[in-house]
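What follows is a set of notes on a single structure, which appears directly below.
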Amino acid sequence: MLKAVQRVLEKWSLRAIGNRLDKRQLQHELDIHRLFLVTSHFTRRAAGKHGGADLAAELAAEADVMGFQGMQEHVAQCLQSQILRISTIMHTALQEAGNDHAPATQSLLQAQGSADDELFEAMAAAAGPIQRPRGLTMAIGRARPSTQQQQQQQQPSIAQHAPQAEQDAPCTAAREPARSLSMERVSAIVQERLGYSLHVGPSAIGHQEAGEGLWLDGKAHLGSVVALYPGIVYRPLHYRQIPGYPRVDQDNDYLLARFDGAVLDAKPWGRGAAASAAMAGSLGPEKQRCDAAQTPIVHRLLAQETRHPLALAHFANHPPAGSQANVMVAAFDISPSDVPAWLPAYIPNVMYSPTSATAPASPASGSGHALAELQLSRQPMAGLALVALRDLHNEELLLNYRLSPHVARPDWYTPVDADEDNRRWA
Numbered sequence: 002m003l004k005a006v007q008r009v010l011e012k013w014s015l016r017a018i019g020n021r022l023d024k025r026q027l028q029h030e031l032d033i034h035r036l037f038l039v040t041s042h043f044t045r046r047a048a049g050k051h052g053g054a055d056l057a058a059e060l061a062a063e064a065d066v067m068g069f070q071g072m073q074e075h076v077a078q079c080l081q082s083q084i085l086r087i088s089t090i091m092h093t094a095l096q097e098a099g100n101d102h103a104p105a106t107q108s109l110l111q112a113q114g115s116a117d118d119e120l121f122e123a124m125a126a127a128a129g130p131i132q133r134p135r136g137l138t139m140a141i142g143r144a145r146p147s148t149q150q151q152q153q154q155q156q157p158s159i160a161q162h163a164p165q166a167e168q169d170a171p172c173t174a175a176r177e178p179a180r181s182l183s184m185e186r187v188s189a190i191v192q193e194r195l196g197y198s199l200h201v202g203p204s205a206i207g208h209q210e211a212g213e214g215l216w217l218d219g220k221a222h223l224g225s226v227v228a229l230y231p232g233i234v235y236r237p238l239h240y241r242q243i244p245g246y247p248r249v250d251q252d253n254d255y256l257l258a259r260f261d262g263a264v265l266d267a268k269p270w271g272r273g274a275a276a277s278a279a280m281a282g283s284l285g286p287e288k289q290r291c292d293a294a295q296t297p298i299v300h301r302l303l304a305q306e307t308r309h310p311l312a313l314a315h316f317a318n319h320p321p322a323g324s325q326a327n328v329m330v331a332a333f334d335i336s337p338s339d340v341p342a343w344l345p346a347y348i349p350n351v352m353y354s355p356t357s358a359t360a361p362a363s364p365a366s367g368s369g370h371a372l373a374e375l376q377l378s379r380q381p382m383a384g385l386a387l388v389a390l391r392d393l394h395n396e397e398l399l400l401n402y403r404l405s406p407h408v409a410r411p412d413w414y415t416p417v418d419a420d421e422d423n424r425r426w427a
């Protein structure tokens, strides 16, 4: 009997499964299983069910019955439910304050009402350039550039998305509509109603390269969506359009890849609305060219609600040696038809497409462009969230970068789990 049990265990051991399945897919399935457990725990806890060994055993049994596909669908539902709740909190707060809709919301509502209306309102505003490159190069598995290379980067990060002719042109885009609530105030409201928010501040990690980190203010339970990864989303078909291709990592450490191959570029987002005023003030009257506003795809990105206090996932640091990550990445895809019409403005991502990349930022009325915009607005919204792996309270968020073992990695990088790194990049 003992030998029979041993044979079963050997058959279903991690090593045995790894020999039969693609190792990269195996890691994906392990991640989904983990996300199922933590997000389900969050859902049950929110419904008033206490945790503990009994709940853990119950969820493990459910996972066995569901299988990979069932768990993946359940995780997607949990993520969408939490993102909807977060977005509702923000939307309600802005409505109560009498704030204007984000330009993205106005565009969507106009597109749904009439394909002949102009779909872009005044959309401008420079998100400040990210001052400190970070090591988040999971998209291509490269190490961060050297300190000397970082010091040689002189241009604002967003400007790299604009052609030279556009960079040299004066800023003609209008400024964003005045908004009475600052990003700091929106963050305070979110913390009051959700229980937590985020801020960027000096990292508690000891190594010299740590710089700034992402901090959670308040309390977040296991399985909570605590951050969103902002930026432009490139499907594999459009990899060549990523700025700097093929060496996309040379001047950009803010690329993050999903298991389905989609790459998110957070560099144009910067710090969101928090840096807008400082950016404008630092340029001076002779240099106010609004480089970011000259590129249609960046225009679309910055038309989202840039005051989103949770759209800062790209500032999360990798755990130092001997530490564990307290958040993990979770991909989501939300269909606009399944959510309120205003919600897309609170998803800090836009999908790259030939239409979004070439359409003028302030088009004249015309059904052709309007219909193209309407089609874009109906595409599933793809993004990435950071999910809490345990209860969190006023602490720095740490994300396992899983840098590729096939290239030189920076000295500060210590694998959290070398086997995970190997499977991720198999």
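In this note's numbering, the protein residues as written are 2 to 427. Ideal placement from N, C-alpha and C gives every residue a C-beta, glycine not left out.
Which one of the options has the shortest CA to CA distance from residue i?
{"i": "asparagine 401", "options": "His200, Pro321, Arg301 and Ala346", "result": "Pro321"}
{"i": "proline 244", "options": "Leu313, Asn253 and Gln380", "result": "Asn253"}
{"i": "methionine 184", "options": "Thr356, His309, Ala342 and Thr296", "result": "His309"}
{"i": "alanine 98", "options": "Glu193, Leu387 and Arg186", "result": "Arg186"}
{"i": "histidine 300", "options": "Ala342, Met352, Ser324 and His319", "result": "Met352"}
{"i": "leucine 303", "options": "Phe69, Gly71, Asn318 and Gly273", "result": "Gly273"}
{"i": "proline 237", "options": "Leu36, Gly224, Leu265 and Ala228", "result": "Leu265"}
{"i": "isoleucine 1", "options": "Ala312, Asn350 and Ala62", "result": "An answer regarding residue 1 cannot be provided, because it is not within the stretch 2 to 427 covered by the chain."}
{"i": "glutamate 421", "options": "Met329, Ser225, His92 and Thr89", "result": "Met329"}
{"i": "glutamine 305", "options": "Pro349, Ala228, Met91 and Gly53", "result": "Pro349"}
{"i": "glycine 68", "options": "His200, Thr40 and Leu31", "result": "Leu31"}
{"i": "proline 341", "options": "Thr307, Gly53 and Thr89", "result": "Thr89"}
{"i": "histidine 200", "options": "Pro416, Ala228 and Ala54", "result": "Ala228"}
{"i": "threonine 307", "options": "Tyr347, Phe316 and Gly323", "result": "Tyr347"}
{"i": "glutamine 325", "options": "Leu195, Arg391 and Ala54", "result": "Arg391"}
{"i": "glutamate 210", "options": "Ala258, Phe316 and Arg241", "result": "Phe316"}
Checking 8 angstroms against the spacing of the C-beta atoms, do residue i and residue j come in under that value?
{"i": "leucine 60", "j": "leucine 38", "result": "yes"}
{"i": "serine 204", "j": "asparagine 318", "result": "yes"}
{"i": "leucine 393", "j": "lysine 220", "result": "yes"}
{"i": "leucine 56", "j": "arginine 45", "result": "yes"}
{"i": "proline 297", "j": "tryptophan 270", "result": "no"}
{"i": "leucine 387", "j": "alanine 314", "result": "yes"}
{"i": "leucine 27", "j": "asparagine 100", "result": "no"}
{"i": "alanine 409", "j": "serine 225", "result": "no"}
Can you list, in chain order, the residues of its chain whose CB lies under 7 angstroms from that of residue i, leaving out five sequence neighbours each side?
{"i": "tryptophan 426", "result": "Gly142, Ser405, Pro406 and His407"}
{"i": "histidine 34", "result": "Ala64 and Met72"}
{"i": "proline 416", "result": "Asp422"}
{"i": "glycine 1", "result": "Here the chain comprises residues numbered 2 to 427, so residue 1 is not present and cannot be evaluated."}
{"i": "leucine 195", "result": "Ile87 and Ile90"}
Taking all protein chains shown into account, do 16 or more other C-beta atoms lie within 10 angstroms of the C-beta of residue i, making it buried, or fewer, making it exposed?
{"i": "arginine 193", "result": "Checking the sequence, you will find glutamate at residue 193 rather than arginine. By the neighbour-count rule (16 or more Cβ atoms within 10 Å), glutamate 193 is not buried but exposed."}
{"i": "tyrosine 235", "result": "buried"}
{"i": "tyrosine 246", "result": "exposed"}
{"i": "phenylalanine 43", "result": "buried"}
{"i": "histidine 92", "result": "buried"}
{"i": "alanine 83", "result": "Note that residue 83 is glutamine in the sequence shown here, rather than alanine. Classification for glutamine 83: buried."}
{"i": "aspartate 418", "result": "exposed"}
{"i": "arginine 403", "result": "buried"}
{"i": "aspartate 412", "result": "exposed"}
{"i": "proline 1", "result": "Look at the range of the chain in this structure, 2 to 427, and you will see that residue 1 is not part of it."}
{"i": "alanine 58", "result": "exposed"}
{"i": "lysine 268", "result": "buried"}
Under 6 angstroms Cβ to Cβ from residue i, same chain only, skipping five residues before and after it: list those, please.
{"i": "phenylalanine 260", "result": "His29"}
{"i": "alanine 383", "result": "Val234, Ala263 and Asp334"}
{"i": "glycine 202", "result": "Trp216"}
{"i": "arginine 198", "result": "It should be noted that the sequence gives serine, not arginine, for residue 198. Hits under 6 angstroms: Ser188, Val191, Gln192, Asp218 and Pro310."}
{"i": "histidine 239", "result": "Tyr353"}
{"i": "glutamine 81", "result": "Ile335"}
{"i": "tyrosine 414", "result": "Leu404"}
{"i": "threonine 40", "result": "Val76, Cys79 and Gly224"}
{"i": "leucine 344", "result": "Ser88"}
Using a Cβ-Cβ cutoff of less than 8 angstroms, which residues in the same chain neighbour residue i once the five nearest sequence positions on both sides are dropped?
{"i": "glycine 207", "result": "Pro321"}
{"i": "alanine 48", "result": "none"}
{"i": "asparagine 423", "result": "Lys24 and Pro406"}
{"i": "aspartate 339", "result": "Gln81"}
{"i": "leucine 385", "result": "Leu229, Tyr230, Leu257, Arg259, Leu265, Ala314, Val330, Ala331, Ala332 and Phe333"}
Checklist line | Three CB pairs or more closer than 8 angstroms across the segment 386-400 and the segment 211-231 | finding: yes
Next item on the list: Examine the Cβ distances between the segment 74-82 and the segment 315-334 and report whether three or more of them are shorter than 8 angstroms.
Entry: yes
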